[in-house]
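Enquirer: Take this structure first; my questions come after.
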Amino acid sequence: MIEVKNLHKSFMGKTVLNNISGVFQQGSVNMIIGASGTGKSVLMKSIVGLYEPDSGEVLYNGRDFYRCDRTVKKSIRQEIGMLFQGSALFDSKTVEQNVKFPLDMLSDYNESEKRDRVNDILKRVGLENANKKMPSELSGGMQKRVGIARAIINNSRYLFCDEPNSGLDPQTSILIDNLIKEITVEFNTTTIVVSHDMNSVMEIGDHIMFLYKGDKVWEGTNTEIMDAEPESLQHFILANKLLRSLKETRN
Amino acid sequence: MISNIGKYCLFIKSLFVNRERFRIYVKLIFEEAVEIGYNSIVIVALISTFIGAVTAIQTAYNMTNPLIPNTVIGFIVREMTFLELAPTITALVFAGKVGSSIAGQIGTMRITEQISALEVMGINSSSYLVLPKIIGTMITYPLLVILSITLGLTGGYLSTTITGALTPNEYIEGLRMEFIPYNVFFALIKSIVFAFIISSVSAYEGFYTTGGALEVGKSSTKAVTNSCLIILIADFFLAELLL
Ligand SMILES: Nc1ncnc2c1ncn2[C@@H]1O[C@H](COP(=O)(O)OP(=O)(O)OP(=O)(O)O)[C@@H](O)[C@H]1O
Ligand SMILES: [Mg+2]
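What follows is the structure, given as structure tokens:
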């Protein structure tokens with residue numbers, strides 16, 4: 000479980016996150032949604048420690064990330080796996096080396112244990128025969144799969160995904176979304192997904208937080224979202240034609 | 000300018016605090032040294048041989064006074080090669096080749112969030128990426144300078160003997176005239192300092208790249224121009240200090 004309390008972040012006097020609080024439960028897919036430039040990525044990066052917030056707290060199962068000592072911080076970091084918007088695979092390493100990397104750096108497994116684990120995880124994300132390929136030889140969807148494999152290989156308890164289906168076709172998007180959902184349940188991770196795709200929200204979002212210009216405007220489940228009050232959220236949802244007609248037929 | 004120097008110093012400090020495990024670096028340093036050295040051998044060899052050859056011919060051309068013995072030509076070529084041509088001129092070329100590649104590589108890793116990926120895992124990204132490059136360069140570059148000295152002197156030998164400006168004996172006698180072992184030491188000190196400058200300045204430029212592919216290109220250019228400038232300044236002070 001991750002708790003965020005009164006998070007505040009500004010860049011050069013411009014407030015990007017305004018007093019954000021929320022709870023992200025273990026074993027469920029928590030989504031942060033909102034229009035472009037509302038601060039979704041900044042919120043995620045403030046949670047994982049890539050940006051230091053101006054004020055507020057981030058608690059990983061009760062451990063305050065910004066106010067704990069170095070060893071605790073290091074151990075929290077080792078429990079975090081993140082899939083980046085552009086996958087961020089190491090382009091000088093093969094698929095296998097990319098996935099093995101966290102084990103090489105952070106674990107005490109021996110070589111054969113590592114290799115077994117890499118093969119298991121690659122199989123789990125549906126990439127059996129890509130071990131020796133370079134990232135540049137992979138399609139966008141395959142890169143995301145490798146990114147997910149790298150994020151979870153070291154038994155991560157917290158999984159972060161920044162726009163996991165940006166740049167993917169709708170079909171592949173759904174496959175990646177479902178993979179994230181399955182992994183969340185299987186590995187019982189606390190998963191946070193940043194997205195602006197309503198399809199993903201309806202497909203896999205267990206708990207949804209809607210940001211609008213740096214404020215948290217609404218939160219709830221994906222069954223509640225269609226009836227949500229805030230106008231900004233209604234506009235966001237009804238930008239999708241399918242959801243618009245669904246809403247009309249329901250009325 | 001001043002704030003850049005400060006930021007650079009903090010960057011260098013960050014390479015050493017919260018380092019990763021020692022054995023990780025050993026492997027990386029070895030890989031970097033091989034990569035950097037191997038990729039630079041041909042260009043360093045070519046440049047050194049030609050510069051040696053041209054220096055020798057031009058010196059011979061300028062020494063028409065019959066009172067000056069021909070052996071002086073070999074002597075001058077040797078002194079110039081040891082003191083300046085091999086360590087410094089090679090460094091400028093090396094900065095163009097290795098500096099731009101270091102800045103480009105690290106800059107690309109920055110804009111594609113590969114550096115963020117390292118940081119999320121709790122890895123000291125600057126130390127992990129940069130320290131092996133700096134140490135690798137500091138190991139390899141002095142070796143390249145030794146190669147450069149050897150080939151520079153050989154180039155001089157070939158050009159003067161083939162054109163008939165000198166006999167082989169005259170040239171070699173000149174090379175051996177009043178040899179000061181300290182100059183070898185001086186050349187190596189210079190090469191180690193220059194290697195540090197090139198690798199650290201280039202890594203710094205790459206590491207603080209923001210934006211996109213265009214900025215990576217700019218970082219590479221800045222890496223080369225800044226390295227060259229700092230090398231020349233350092234060259235001046237080292238000569239003042241050590242000679
Ligand atoms: N490092 C930074 N320095 C200054 N401003 C920043 C920085 N990072 C983000 N911002 C600003 O913060 C705001 C929110 O950016 P953010 O990347 O979080 O948007 P987002 O919701 O993720 O949008 P998108 O869906 O397009 O990814 C933007 O106005 C952006 O300009
Ligand atoms: Mg974003």
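For the record, the sequence lines run as chains A and B. Mapping the first sequence onto numbering that gives the first Met the number 0, position 93 (from 1) lands on 92, and the numbers just tick up by one. Mapping the second sequence onto numbering that gives the first Met the number 0, position 72 (from 1) lands on 71, and the numbers just tick up by one. Glycine included, C-beta positions come from ideal geometry on N, C-alpha and C. All values reported here derive from a predicted model rather than from experimental measurement.
Three Cβ pairs or more, each shorter than 8 Å: is that satisfied between the region 173 to 180 of chain B and the region 104 to 124 of chain B?
Expert: no
Enquirer: Give me the chain B residues within the contact set of Gln251 (chain A), using Cβ-Cβ distance strictly less than 9 Å, ordered along the chain.
Expert: Limits of chain A in this structure are 0 at one end and 250 at the other, which puts residue 251 (chain A) out of reach.
Enquirer: Between Glu228 (chain A) and the rest of its own chain, which residues show a CB-CB distance below 8 Å, the 5 nearest in sequence each way excluded?
Expert: As a position in the first sequence, residue 228 (chain A) is number 229, starting the count at 1. So the list reads Trp217, once near-sequence residues are dropped.
Enquirer: Quick check on the burial criterion: 16 or more other C-beta atoms within 10 angstroms. Buried or exposed for Gln57 (chain B)?
Expert: Numbered from its first residue, the second sequence carries residue 57 (chain B) at position 58. The residue in question, Gln57 (chain B), is exposed, as its Cβ has fewer than 16 Cβ neighbours within 10 Å.
Enquirer: Run through DSSP, which three-state label would Phe64 (chain A) get?
Expert: Position 65 of the first sequence, counting from 1, holds the residue named residue 64 (chain A). Under the three-state reduction of DSSP, Phe64 (chain A) is assigned to coil, being neither helix nor strand.
Enquirer: Leaving out the 5 sequence neighbours to the left and right, which residues in its chain are closer than 8 Å to Pro131 (chain B) when beta-carbon positions are compared?
Expert: Sequence index remark: in the second sequence, residue 131 (chain B) carries index 132 (1-based). So the list reads Tyr24, Leu27, Ile28, Glu30, Glu31, once near-sequence residues are dropped.
Enquirer: Taking 6 Å as the cut-off, is the C-beta of Phe10 (chain A) nearer than that to any heavy atom in ligand 1?
Expert: Within the first sequence, numbered from 1, the residue matching residue 10 (chain A) stands at position 11. Yes; taking the cut-off as 6 Å, the Cβ of Phe10 (chain A) has a heavy atom of ligand 1 nearer than that.
Enquirer: Assuming Ala52 (chain B) and Ser158 (chain B) make a contact with CB atoms under 8 Å, what is their CB distance in whole Å?
Expert: On the second sequence, residue 52 (chain B) is found 53 positions in, with the first residue counted as 1. On the second sequence, residue 158 (chain B) is found 159 positions in, with the first residue counted as 1. Contact holds; Cβ gap of about 4 Å.
Enquirer: When we look at the beta-carbon of Asp115 (chain A) and count the other beta-carbons within 10 Å, is it buried (16 or more) or exposed?
Expert: Translated into the one-based positions of the first sequence, residue 115 (chain A) becomes position 116. Exposed, since its Cβ has fewer than 16 Cβ neighbours within 10 Å.
Enquirer: Run through chain B and tell me which residues come within less than 7 Å of Leu105 (chain A), C-beta to C-beta.
Expert: Counting from one through the first sequence, the residue named residue 105 (chain A) turns up at place 106. Those within 7 Å of Leu105 (chain A) in chain B are Met120.
Enquirer: Go ahead and label Gly33 (chain A) buried or exposed: buried means 16 or more other beta carbons lie within 10 angstroms of its beta carbon, across all protein chains shown.
Expert: Numbered from its first residue, the first sequence carries residue 33 (chain A) at position 34. Buried, because 16 or more other Cβ atoms sit within 10 Å of the Cβ of Gly33 (chain A).
Enquirer: Specify, as a first and last residue, the run of the alpha helix (DSSP H) that Asp119 (chain A) falls within.
Expert: Looking up residue 119 (chain A) in the first sequence gives position 120. Start and end: 110 to 123.
Enquirer: Taking the straight line between their C-alpha atoms, what separation do you get for Pro134 (chain A) and Lys92 (chain A)?
Expert: By 1-based counting over the first sequence, the position of residue 134 (chain A) is 135. By 1-based counting over the first sequence, the position of residue 92 (chain A) is 93. In a straight line, the C-alpha of Pro134 (chain A) is about 8 Å away from that of Lys92 (chain A).
Enquirer: Nearer than 6 Å: is that true of the beta carbon of Lys39 (chain A) relative to any heavy atom of ligand 2?
Expert: Looking up residue 39 (chain A) in the first sequence gives position 40. Yes, since a heavy atom of ligand 2 falls inside the 6 Å radius drawn around the Cβ of Lys39 (chain A).
Enquirer: List the residues of chain A whose Cβ lies closer than 7 Å to the Cβ of Ala32 (chain B), in chain order.
Expert: Stepping through the second sequence from its first residue, residue 32 (chain B) is reached at position 33. From the beta-carbon of Ala32 (chain B), no residue of chain A is found nearer than 7 Å; the closest lies around 16 Å away.
Enquirer: Which same chain residues end up closer than 6 Å to Arg77 (chain B) when comparing Cβ atoms and leaving out the 5 residues on each side of it in sequence?
Expert: As a first step, residue 77 (chain B) must be located in the second sequence, where it is residue number 78. Closer than 6 Å at Cβ, skipping near neighbours: Leu174.
Enquirer: Could you say which of A:Phe100, A:Phe89, A:Asp68, A:Val193 lies nearest to Phe159 (chain A) if we only look at CA atoms?
Expert: In the first sequence, counting from the first residue as 1, residue 159 (chain A) sits at position 160. Closest by alpha carbon: A:Val193.
Enquirer: In chain A, which residues lie less than 8 Å from Glu112 (chain B) when you measure between Cβ atoms?
Expert: One-based indexing of the second sequence puts residue 112 (chain B) at position 113. The contacting residues are Phe83, Gln84, Gly85, Ala87.
Enquirer: Look up His234 (chain A) in the DSSP assignment and say whether it is helix, strand or coil.
Expert: If you number the first sequence from 1, residue 234 (chain A) lands on position 235. Three-state DSSP puts His234 (chain A) in a helix.
Enquirer: Answer with buried or exposed for Glu110 (chain A), where buried requires no fewer than 16 other C-beta atoms within 10 angstroms of its C-beta.
Expert: Taking the first sequence and counting its residues from 1, the one referred to as residue 110 (chain A) is at position 111. Glu110 (chain A) counts as exposed, since fewer than 16 other beta carbons sit within 10 angstroms of its beta carbon.
Enquirer: Starting from the Cα of Thr220 (chain A), find the closest Cα among A:Gly146, A:Met197, A:Gln142 and give me that residue.
Expert: Against the first sequence, residue 220 (chain A) aligns to sequence position 221. Thr220 (chain A) has its Cα closest to that of A:Met197, out of A:Gly146, A:Met197, A:Gln142.
Enquirer: Less than 6 Å separating the Cβ of Gly85 (chain A) from some heavy atom of ligand 1?
Expert: The residue labelled residue 85 (chain A) in the question sits at position 86 within the first sequence. No, the beta carbon of Gly85 (chain A) sits no closer than 6 Å to any heavy atom of ligand 1.
Enquirer: Using 7 Å as the limit for Cβ to Cβ distance, is Ser115 (chain B) near chain A?
Expert: Looking up residue 115 (chain B) in the second sequence gives position 116. Closer than 7 Å to some Cβ of chain A, the Cβ of Ser115 (chain B) qualifies, so yes.
Enquirer: Would you mind telling me which residues of chain B sit closer than 7 Å to Leu49 (chain A), beta carbon to beta carbon, in chain order?
Expert: Position 50 of the first sequence, counting from 1, holds the residue named residue 49 (chain A). Neighbours of Leu49 (chain A) on chain B, chain order: Ser115, Glu118, Val119.
Enquirer: With hydrogens ignored, establish whether the beta-carbon of Ser244 (chain A) is closer than 6 Å to any heavy atom of ligand 1.
Expert: By 1-based counting over the first sequence, the position of residue 244 (chain A) is 245. Not under cutoff, so the answer is no.
Enquirer: Taking the C-alpha atoms as reference points, what is the distance between Glu307 (chain B) and Thr208 (chain B)?
Expert: Lying before the first or after the last residue shown, residue 307 (chain B) is absent from chain B, which here runs from 0 to 242.
Enquirer: For Val15 (chain A), I'd like the list of residues in its chain whose CB is within less than 8 Å of its CB, leaving aside the five on either flank, ordered along the chain.
Expert: As a working note, residue 15 (chain A) is residue 16 in the first sequence. So the list reads Lys8, Ser9, Gly38, Val41, Gly213, once near-sequence residues are dropped.
Enquirer: Which same chain residues, not among the five before or five after Lys63 (chain A), have their C-beta less than 8 Å away from its C-beta?
Expert: Residue mapping note: residue 63 (chain A) aligns to position 64 of the first sequence, counting from 1. According to the sequence displayed, residue 63 (chain A) carries Asp and not Lys. Hits under 8 Å: Glu56, Val57.
Enquirer: Listed from N- to C-terminal order along the chain, which residues in the region 8 to 41 of chain B have their beta-carbon within a distance smaller than 9 Å of any beta-carbon of chain A?
Expert: Asn17, Glu19, Arg20, Ile23
Enquirer: Just to check, is the beta-carbon of Val15 (chain A) closer than 6 Å to a non-hydrogen atom of ligand 1?
Expert: Start at 1 with the first residue of the first sequence, and residue 15 (chain A) comes out as number 16. A heavy atom of ligand 1 is found nearer than 6 Å to the CB of Val15 (chain A).
Enquirer: In terms of residues, what are the limits of the beta strand (DSSP E) holding Val193 (chain A)?
Expert: The residue labelled residue 193 (chain A) in the question sits at position 194 within the first sequence. Start and end: 189 to 194.
Enquirer: State the DSSP-derived secondary structure class of Ile1 (chain A), mapped to helix, strand or coil.
Expert: Residue 1 (chain A) sits at position 2 when you count from the first residue of the first sequence. Note: Ile1 (chain A) maps to strand in three-state DSSP.
Enquirer: Against chain B, with Cβ distances strictly below 7 Å, would Lys73 (chain A) count as a contact?
Expert: By 1-based counting over the first sequence, the position of residue 73 (chain A) is 74. Yes, Lys73 (chain A) counts as interfacial toward chain B.
Enquirer: Chain B partners of Pro101 (chain A), CB-CB under 8 Å?
Expert: In the first sequence, the residue the question calls residue 101 (chain A) occupies position 102. Within chain B, the residues near Pro101 (chain A) are Met120.
Enquirer: Using alpha carbons as the reference points, say which of A:Ile152, A:Gly139, A:Ser106, A:Leu242 lies closest to Glu162 (chain A).
Expert: Along the first sequence, read from residue 1 onward, the residue named residue 162 (chain A) stands at position 163. Taking only the C-alpha atoms, the option nearest Glu162 (chain A) is A:Gly139.
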